[in-house]
Every structure is written in C-alpha cells, then in structure tokens.
Amino acid sequence: MFGGNMRKLFLTFIFALFLVSFLLGKVDTTRASMDRENIRYTSVKVKYGDSLDTISKEYNNTGMSHEEYIDSIMEMNRMDSNKVHPGCFILVSYKVER
1 MFGGNMRKLF
11 LTFIFALFLV
21 SFLLGKVDTT
31 RASMDRENIR
41 YTSVKVKYGD
51 SLDTISKEYN
61 NTGMSHEEYI
71 DSIMEMNRMD
81 SNKVHPGCFI
91 LVSYKVER
C-alpha cells in the first residue's frame, strides 16, 4: 500500500499525533488537579431572604456556572429541593485565591 519512505512518514505522523494528544491531556489533568487543590468548603448559616441563588452569587468563585454551582450545593447537602430555610446550615465550596 505505502512505499518504504511513505510508510515511515505515516508512522512518524501517527506517533507525533499520539504524543501531542497525550501531552495535551496531561496538561489539562494537571490544571484540573491544581484547581481542585484550591477548593475549600465552609458551612453557611442561611439568613432570612437567602436562596440558593443569592448564596451562589456570594460564594461561587470556582469557575462553575451559576446552575452547576447550585446543583453542586444541592448534591453536597443531599437536598431534594432548592428551597433553604433561615437558621439552617449548608455546605458550600469556594476557591482560595493565591
């Protein structure tokens, strides 16, 4: 199918493509793990008038979208509803700025 030189060129190209995609994957993984290392958790006391929306606007500096952050709060706190009640405590995450 391929001549000797053409086959070597093709295999070199495939190897280079594999190597580049492997290295790009490593960079993304390293960056993601560095971001996770800067995530902290705190307990927040819900005040009258608070909602997951207002809490998200105050604490979400993690890079998640507003909706993803609310979903993560609900998951962390095992909430079935997005309603919060004054006096309750909920767990939220935030990113430590370095």
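In the UniProt record's numbering, the protein residues as written are 1 to 98.
We put the beta carbon where it would ideally sit given N, CA and C, even for glycine.
Would residue i be called buried (16 or more neighbouring beta carbons within 10 Å of its own) or exposed?
| i | result |
| --- | --- |
| isoleucine 14 | exposed |
| isoleucine 39 | exposed |
| asparagine 60 | buried |
| tyrosine 41 | exposed |
| valine 81 | The sequence as given places serine at residue 81; valine does not occur at that position. When all chains shown are included, serine 81 counts as exposed. |
| valine 84 | buried |
| valine 96 | exposed |
| valine 20 | exposed |
Going by alpha carbons, who is nearest to residue i out of the options?
| i | options | result |
| --- | --- | --- |
| phenylalanine 89 | Glu37, Met79, Val44 | Val44 |
| serine 65 | Asn77, Tyr94, Thr12 | Tyr94 |
From which residue to which residue does the beta strand (DSSP E) around residue i run?
| i | result |
| --- | --- |
| tyrosine 59 | Unbroken run through tyrosine 59 is the alpha helix (DSSP H), 52-59; no beta strand (DSSP E). |
Using the DSSP secondary-structure output, state which residues sit across from residue i in a beta bridge.
| i | result |
| --- | --- |
| arginine 7 | Paired residue(s): none; arginine 7 is not in a bridge. |
Could you tell me the boundaries of the alpha helix (DSSP H) in which residue i lies?
| i | result |
| --- | --- |
| tyrosine 69 | 66-76 |
Exercise for review: Examine the Cβ distances between the segment 40-54 and the segment 6-20 and report whether three or more of them are shorter than 8 angstroms.
Suggested key: Between the segment 40-54 and the segment 6-20, the count of C-beta pairs closer than 8 angstroms stays below three; the two stretches do not touch.
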